[in-house]
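Student: Every number in this note's numbering is 25 more than the matching position in the sequence shown, counting from 1.
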Amino acid sequence: MTKTRVLAALVLTPLAIAAILLLPTPWLVALAAVVFLAGLWEWFRLADIDDTLARTVLLVANLALMVAIVWASRTSEGFSYVLLQIMVVLGVIWWLLAALWLKHFGFASDHATHGRVFKLAAGTLAIVPAWCALGVLHASQPNGHRWLFVALAIVWAADSGAYFVGRHYGRRKLSPRISPNKTVEGLFGGLVAGLAVALAFAPLAGATAAQLPAVALVALVAVGFSVIGDLFESLLKRHVGAKDSGDLIPGHGGILDRIDGVIAALPVFALGKAWLGF
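#1: Whole angstroms are fine: how far does the CA of Leu212 sit from the CA of His18?
#2: Taking C-alpha atoms, which residue in Pro51, Leu40, Phe303 lies nearest to Ala234?
#3: Taking the C-alpha atoms as reference points, what is the distance between Trp172 and Leu242?
#4: Compare the beta carbon distance of Val293 and Val246 with 8 Å and say whether it is the shorter of the two.
#5: Assign Val59 to buried or exposed, taking buried as 16 or more other Cβ atoms, counted over all protein chains shown, within 10 Å of its Cβ.
#6: Going by C-alpha to C-alpha distance, which of Ala295, Gly254, Gly297, Gly266 sits closest to Asp282?
#7: With DSSP as the reference, identify every bridge partner of Thr233, one or two as the case may be.
#8: Hey, out of Ala147, Gly278, His139, whose CA is closest to Leu65's CA?
#9: Could you check the C-alpha separation between Trp181 and Ala230 for me, to the nearest Å?
#10: Kindly indicate which three-state DSSP category Lys198 falls into: helix, strand or coil?
#11: What did DSSP end up calling Lys128 once you bin it into helix, strand or coil?
#12: Restricting to runs no shorter than 4 residues, where is the alpha helix (DSSP H) found entirely within the region 41 to 109?
#13: Can you tell which of Thr81, Asn168, Ala55 has its C-alpha closest to the C-alpha of Leu145?
#14: What is the DSSP secondary structure of Pro167, counted as helix, strand or coil?
#15: Where do the ends of the alpha helix (DSSP H) carrying Pro228 lie?
#16: Give me, in chain order, the residues of the same chain whose beta-carbon lies closer than 7 Å to that of Ile203; leave out the 5 immediate sequence neighbours on both sides.
#17: Find the nearest neighbour of Cys157 within the set Leu62, Leu301, Lys268, Gly266, judged by alpha-carbon distance.
#18: Can you tell which of Trp300, Ile284, Phe69, Leu296 has its C-alpha closest to the C-alpha of Leu177?
#19: Using the Cα positions of Val190 and Gly249, report the straight-line distance between them to the nearest angstrom.
#20: If I measure Cβ to Cβ from Val54 and keep anything under 6 Å in the same chain, skipping five residues before and after, which residues do I get?
#21: So what's Ser134 in DSSP terms, helix, strand or just coil?
#22: Which residue marks the beginning of the alpha helix (DSSP H) containing Lys298, and which one marks its end?
#23: Considering Ser270, what are the terminal residues of the beta strand (DSSP E) in which it resides?
#24: Looking only at its chain, what residues have a beta carbon closer than 7 Å to the beta carbon of Leu296, apart from the 5 residues adjacent to it on each side?
#25: If you measure between the beta carbons of Ala267 and Leu71, is that distance less than 8 Å?
#26: In chain order, what residues of the same chain lie with their CB nearer than 8 Å to the CB of Pro205, ignoring the 5 residues before and after it?
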């Protein structure tokens, strides 16, 4: 499994990096919408929406919301990112609420009542703000494409660090009821790896030495939120008895399995970058 996981990462990671660094923002945002909506399609499965027509209608509704945000952001002078920035803030608020949800394992687990509705709303609140944050980061000046790469690299490094440290040194369970394989040691491994990548790559995006402490702080918080995103997806999977969100990516599962940490971390990183001014 580890070999397959590494090989898949070696193929997909360069493609993702090339898209981030080379594509103009409108094209990247469009490509990201496809990826994020594919993850949302899998989210619907974890919310126990089995009917293909129902899933399609829900997916189109979320696509329409994305289009509406872009359309409403057009101005006579160009493009305004205010709406996207508001969505970023809403995304951060949502993930704070999601952390509270994690403390109540059984909440919304009964899909015969209103549990499914909560999870569908959660899907929109997770995916759309993350997509907006991606656009805000990539369009930011100067070097927005590099800052988006830094944000994603932090999450990728944290995920890999947590996986390998947890696999070899993990002893204490982080949240055994939600995700039995995650460990406290893995969490610290992820934090260290994410911090190291942030400090190494941020200067390439234009960060000065004086800004590195702020970058480090935002990176650590973003990694923490990425863990919340990972655990929340695990919670959804436990409720329906699924091992993975899908089987599209060899060794990794589905699209949502790969972006669960990213969708939680991107709004935090975008808000932190704007707030602390690096």
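Yeah, the Cβ is synthetic: ideal placement off N, Cα and C, and Gly gets one too.
Tutor: The structure says:
#1: Only positions 26 to 303 of the chain appear in the structure, and residue 18 is not among them; the question remains open.
#2: Here residue 234 corresponds to residue number 209 of the sequence shown, with the count starting at 1. Closest option to Ala234, Cα to Cα, is Phe303.
#3: Sequence index remark: in the sequence shown, residue 172 carries index 147 (1-based). Sequence index remark: in the sequence shown, residue 242 carries index 217 (1-based). Roughly 15 Å between the two C-alpha positions.
#4: In the sequence shown, counting from the first residue as 1, residue 293 sits at position 268. In the sequence shown, counting from the first residue as 1, residue 246 sits at position 221. Contact flag set, yes.
#5: As a first step, residue 59 is located in the sequence shown; it is residue number 34 there, counting from the start. Its Cβ having fewer than 16 others within 10 Å, Val59 is exposed.
#6: Within the sequence shown, the letter at position 257 stands for residue 282. Among Ala295, Gly254, Gly297, Gly266, the Cα nearest to that of Asp282 is on Gly254.
#7: Within the sequence shown, residue 233 is the residue found at index 208, counting from 1. Bridge partners of Thr233: none, in fact.
#8: Start at 1 with the first residue of the sequence shown, and residue 65 comes out as number 40. Among Ala147, Gly278, His139, the Cα nearest to that of Leu65 belongs to Ala147.
#9: Taking the sequence shown and counting its residues from 1, one reaches residue 181 at position 156. Taking the sequence shown and counting its residues from 1, one reaches residue 230 at position 205. Their backbone Cα atoms lie some 17 Å apart in a straight line.
#10: Within the sequence shown, numbered from 1, the residue matching residue 198 stands at position 173. DSSP places Lys198 in strand when its eight states are reduced to three.
#11: As a working note, residue 128 is residue 103 in the sequence shown. Reduced to three states, the DSSP call for Lys128 is coil.
#12: 50 to 71, 77 to 97
#13: What you label residue 145 is simply residue 120 of the sequence shown in a count that begins at 1. Ranking Thr81, Asn168, Ala55 by Cα distance to Leu145 puts Thr81 first.
#14: Your numbering for residue 167 matches position 142 in the sequence shown. Correct three-state label for Pro167: coil.
#15: Mapped onto the sequence shown, residue 228 falls at position 203. Run containing Pro228: none; DSSP gives neither H nor E here.
#16: Position 178 of the sequence shown, counting from 1, holds the residue named residue 203. For Ile203, where only same-chain residues beyond five positions count, the Cβ hits under 7 Å are Leu127, Phe130, Leu256, Ser259, Leu260, Arg263.
#17: As a first step, residue 157 must be located in the sequence shown, where it is residue number 132. Taking only the C-alpha atoms, the option nearest Cys157 is Leu62.
#18: Translated into the one-based positions of the sequence shown, residue 177 becomes position 152. Checked all of Trp300, Ile284, Phe69, Leu296; the closest Cα to Leu177 is Ile284.
#19: Mapped onto the sequence shown, residue 190 falls at position 165. Mapped onto the sequence shown, residue 249 falls at position 224. Cα to Cα, Val190 sits roughly 16 Å from Gly249.
#20: Taking the first residue of the sequence shown as 1, we reach residue 54 at position 29. So the qualifying residues of the chain are Gly160.
#21: To locate residue 134, count along the sequence shown from 1; it is residue 109. If DSSP states are grouped into helix, strand and coil, Ser134 belongs with coil.
#22: Start at 1 with the first residue of the sequence shown, and residue 298 comes out as number 273. 280 to 301 is the span of the alpha helix (DSSP H), which, as asked, contains Lys298.
#23: In the sequence shown, the residue the question calls residue 270 occupies position 245. Element bounds for Ser270: n/a, residue is neither H nor E.
#24: As a first step, residue 296 must be located in the sequence shown, where it is residue number 271. Correct list, in chain order: Val113, Val114, Val117.
#25: As a first step, residue 267 is located in the sequence shown; it is residue number 242 there, counting from the start. As a first step, residue 71 is located in the sequence shown; it is residue number 46 there, counting from the start. Against a cut-off of 8 Å, the Cβ pair of Leu71 and Ala267 comes out as a contact.
#26: The residue labelled residue 205 in the question sits at position 180 within the sequence shown. The answer, listed in chain order, is Lys198.
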